[in-house]
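Enquirer: Let me give you the structure first, and then I'll get to my questions.
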Amino acid sequence: MEAFPALVAALHAERALFVLIGVWAASLHARSAAAVFTTQDYDLFLPADVDNALLVWRTCESMGLELLAGDEPLDQPRDRLLAERIRAAPAAAGRGAQRSPATSRTHRS
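So the number in our numbering is just where the residue sits in the sequence shown, counting from 1, plus 9.
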């Protein structure tokens, strides 16, 4: 199975909550193969839920995917403390925040 369908299947099997965003999400609505775009990364938006973030991170890591937040690798260790810090970040940033730290990009390492 290709990486993208395998990732979505694994996340669904784990009952993880996520929204696919970015180029891969747009390509799902393409009317023909000529309108499909692909990239090396998959953009996921995760709700601000600590247990769900840990589940998604473990699932992605088990598939050999690298996790990024913005353009930077997601910090290690990927544990409850990190997930709680990320969950709290949008509230601390206030209304002017352009990008939620809960947005994770994954790509094959």
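For each residue, glycine too, the CB sits at the ideal point set by N, CA and C.
Computed from a prediction, not measured in an experiment: that's the story for all the values here.
1. Suppose contacts are defined by Cβ-Cβ distances below 8 angstroms. Is residue 96 in contact with residue 65 by that definition?
2. Look up residue 82 in the DSSP assignment and give the residues it is bridged to.
3. Per DSSP, what kind of secondary structure is residue 13 in: helix, strand or coil?
4. Using the C-alpha atoms, what's the distance from residue 14 back to residue 79?
5. If we ignore side chains and look at the alpha-carbon of each, how far apart do residue 2 and residue 89 end up?
6. Can you list, in chain order, the residues of its chain whose CB lies under 7 angstroms from that of residue 84, leaving out five sequence neighbours each side?
Expert: Inspection of the coordinates gives the following:
1. no
2. 77
3. helix
4. Taking the straight line from one Cα to the other gives about 23 angstroms.
5. Residue 2 falls outside the range modelled here, since the chain spans only 10 to 118, and no answer is possible.
6. 91
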